[in-house]
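Residue numbers (our numbering): 31 to 711. Structure first, commentary second.
Laid out in structure tokens, this is it:
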């Protein structure tokens, strides 16, 4: 049993002290770090589902890739790497220290003769005299030399660059220090509390004041990285930590108040710079500091670094005008809204909830792209916002909201405040999409000559008003026929056709009209029938516009191209309304903008430890790469000198240096005083 235990312990020690094991762990960490760099970390899970899809979301979630640096397996590998590298250092340090001090003076002449880099010379000098000259030469070349007398001569053992081995200690110690720094910032305390049941991730969408203590972290928490959005004029004393599919509330040792937020943009619409003027207060309400935080210029206070990370809307107040799109009326109703708040909307389609989600004070769009037509005829703005600077234009403010019905189903809308010019005509634009990963499809509502949407709304109301259809049909028939045909069967047929087209169109737009033609007209006659019916519909719509203006006490529209395009665009827009997905259109009239600053707050005691490790690693790599260890032996006997040289790295510089030393030996053996006489001569 003792033998087995001893064998297991020895095997474990050998594994931990193995360089291959440490390199394997380091390789895994390197791959994980690449994933952590490429894949944005600590995002809400909903963002990952949209980006990756359900299958890969589950795979990545199981692997813990959404928060790699705090994943349990990552921290375990860090721990093993610390232990393994420490054991390596402990095991090899004594040998390396001895090797740095050693001159390897016990080398034999036979071993020297086996060296690849050796040089022999004949000498007539006394061994002691040649050794003294050679020692002076080597010391002049930066070598430390040890002169060792031998029975038949002298051995010079020299070394240079022994500090090369210091690189090993520095590099390996740096790995240990960096890993310890990573463990210090690895939320180990929270993970232990979570395992023991003392802490729990909050998944409910509730105000932070209602988050229970089990999901809150105290200000004394040694390490955290959280974020918070603060509107102008507001303050915060907590940060939110995204963890798995929920969050934790991190209480701060101070209160951050945002006085003002400023932002500058490039012509492409991308943020150029943004900064926040903040004040810090202690929990007693006393102001302790005032500063400006900008990108790459954080504020550090009480061990907490505050970074300028992002910006958002802070609750802009919106003044809106609402239109009931399917009501046979042209009247609008007022509505007030605030970003991030909800409002209740009641219309003929029932009760809806408006969730105001964002406001943008300006939008840079590429207006040079083509308009892409979809099956529903609703168009999508073409081009990338930054693809062609020649067509970039600020199209003004917009706001985004979701309209949720009583069943909980919602669509997202994006409405521009200012009209957009497309194909030489002006429209109010309202985008709609069913999910965040889709592009917006836009409902285009034409403006009249005065630049107002009211003419469109009046014509829309008249076309949807069943009570006005008989009069509209009569106006159309009498406009199309001479007076002598009024009151005849021809007029009745025209009135019936016009009333029928108006009714079909009011039921479902061009789609409804198309279905009627497919069901009732032979295929060979459909193309001709389409042209006829569209002409009837367009002329009847123009009569509807005249009637709507007359009822509103306005002048009759002119029979010109502008009125013709207004009628045609209105018919297209009404047809699109049936796939628009909302019973109302909300027009932004004015706003009171409130900005919010996104701050990231971190307490990272391991940061300076990692910096120290990085410095040591740099020094270690420098020593290992640029400090060359070289050793020279010179065995001198009467009449003979043998030079041998070795180095861990056989570089070109080493070859040159060996050649230099060999030439120097030849010079030393050929110089000095005349040789002594041979006793046997």
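Glycine included, each C-beta is placed from N, C-alpha and C at the ideal position.
Inter-residue CB distance, residue i and residue j (contact presumed, cutoff 8 Å)
{"i": "residue 494", "j": "residue 474", "result": "Contact flag wrong, Cβ pair sits at about 18 Å."}
{"i": "residue 211", "j": "residue 650", "result": "Wrong, their Cβ atoms sit about 16 Å apart, outside the cutoff."}
{"i": "residue 435", "j": "residue 380", "result": "7 Å"}
{"i": "residue 723", "j": "residue 578", "result": "This structure cannot speak to residue 723, because the chain is shown only from 31 to 711."}
{"i": "residue 231", "j": "residue 467", "result": "Not a contact, Cβ separation roughly 26 Å."}
{"i": "residue 254", "j": "residue 633", "result": "5 Å"}
{"i": "residue 672", "j": "residue 148", "result": "7 Å"}
{"i": "residue 145", "j": "residue 674", "result": "4 Å"}
Residue i versus residue j - alpha carbon distance
{"i": "residue 404", "j": "residue 609", "result": "Residue confidence for residue 404 is low, a pLDDT of 41 falling below 50, so the modelled location carries little weight; the figure read from the coordinates is stated next. Approximately 11 Å, taken between the alpha carbons."}
{"i": "residue 442", "j": "residue 456", "result": "23 Å"}
{"i": "residue 482", "j": "residue 557", "result": "35 Å"}
{"i": "residue 471", "j": "residue 284", "result": "46 Å"}
{"i": "residue 416", "j": "residue 459", "result": "Legend: pLDDT at residue 416 = 36, less than 50; position of this residue unreliable, value from coordinates given subsequently. The alpha-carbon atoms of residue 416 and residue 459 are separated by roughly 20 Å."}
{"i": "residue 655", "j": "residue 686", "result": "18 Å"}
{"i": "residue 665", "j": "residue 195", "result": "26 Å"}
{"i": "residue 524", "j": "residue 503", "result": "8 Å"}
{"i": "residue 190", "j": "residue 174", "result": "6 Å"}
{"i": "residue 218", "j": "residue 307", "result": "34 Å"}
{"i": "residue 519", "j": "residue 527", "result": "12 Å"}
{"i": "residue 135", "j": "residue 252", "result": "54 Å"}
{"i": "residue 658", "j": "residue 679", "result": "7 Å"}
{"i": "residue 166", "j": "residue 182", "result": "21 Å"}
{"i": "residue 487", "j": "residue 515", "result": "33 Å"}
{"i": "residue 447", "j": "residue 391", "result": "10 Å"}
{"i": "residue 96", "j": "residue 276", "result": "13 Å"}
{"i": "residue 202", "j": "residue 653", "result": "13 Å"}
{"i": "residue 463", "j": "residue 445", "result": "12 Å"}
{"i": "residue 544", "j": "residue 562", "result": "13 Å"}
{"i": "residue 84", "j": "residue 395", "result": "32 Å"}
{"i": "residue 38", "j": "residue 122", "result": "21 Å"}
{"i": "residue 332", "j": "residue 449", "result": "50 Å"}
Proximal residues to residue i (C-beta, below 7 Å), its chain only, five neighbours per side dropped
{"i": "residue 295", "result": "301 and 302"}
{"i": "residue 206", "result": "112, 115 and 116"}
{"i": "residue 559", "result": "547 and 551"}
{"i": "residue 107", "result": "55, 58 and 59"}
{"i": "residue 587", "result": "575, 576, 579 and 593"}
{"i": "residue 51", "result": "45 and 114"}
{"i": "residue 364", "result": "351"}
Three-way DSSP call (helix, strand, coil) for residue i in this model
{"i": "residue 112", "result": "helix"}
{"i": "residue 693", "result": "helix"}
{"i": "residue 450", "result": "strand"}
{"i": "residue 364", "result": "strand"}
{"i": "residue 659", "result": "coil"}
{"i": "residue 389", "result": "strand"}
{"i": "residue 49", "result": "helix"}
{"i": "residue 193", "result": "helix"}
{"i": "residue 352", "result": "strand"}
{"i": "residue 465", "result": "coil"}
{"i": "residue 217", "result": "coil"}
{"i": "residue 274", "result": "coil"}
{"i": "residue 343", "result": "strand"}
{"i": "residue 291", "result": "strand"}
{"i": "residue 648", "result": "helix"}
{"i": "residue 173", "result": "coil"}
Close beta carbons around residue i, own chain, < 6 Å, minus the five adjacent residues each side
{"i": "residue 684", "result": "677"}
{"i": "residue 324", "result": "305 and 338"}
{"i": "residue 213", "result": "108"}
{"i": "residue 370", "result": "345"}
{"i": "residue 334", "result": "631 and 633"}
{"i": "residue 599", "result": "476"}
{"i": "residue 694", "result": "167"}
Sequence-distant residues of its chain with Cβ nearer than 8 Å to residue i (five each side left out)
{"i": "residue 597", "result": "489, 568, 571, 572 and 575"}
{"i": "residue 637", "result": "211 and 215"}
{"i": "residue 357", "result": "377, 378, 491 and 494"}
{"i": "residue 670", "result": "150, 151, 152 and 153"}
{"i": "residue 647", "result": "200, 201, 204, 205 and 208"}
{"i": "residue 290", "result": "262, 306 and 307"}
{"i": "residue 484", "result": "360 and 478"}
The ligand NAD heavy atom lying under 8 Å from the CB of residue i
{"i": "residue 90", "result": "The ligand NAD is not among the ligands present in this structure, which contains no ligands whatsoever."}
* May I ask you to verify whether the segment 342-361 touches the segment 611-629, counting CB pairs closer than 8 Å and requiring at least 3? => Touching, per the Cβ criterion.
* Asked: On the three-pair Cβ rule with 8 Å, is the segment 619-628 touching the segment 258-269?
  -> yes
* Pair every Cβ in the segment 381-393 with every Cβ in the segment 423-434, then say whether three or more of these pairs are closer than 8 Å. => The segment 381-393 vs the segment 423-434: in contact.
* Please confirm if the segment 265-283 is in contact with the segment 239-249, defined as three or more CB-CB distances below 8 Å between the two stretches. => yes
* Do the segment 145-165 and the segment 228-244 meet, that is, are 3 or more Cβ pairs less than 8 Å apart? -> no
* Asked: Should the segment 61-81 be called in touch with the segment 35-47, which here means at least 3 C-beta pairs below 8 Å?
  -> The segment 61-81, when compared against the segment 35-47, does not touch it at the 8 Å Cβ threshold.
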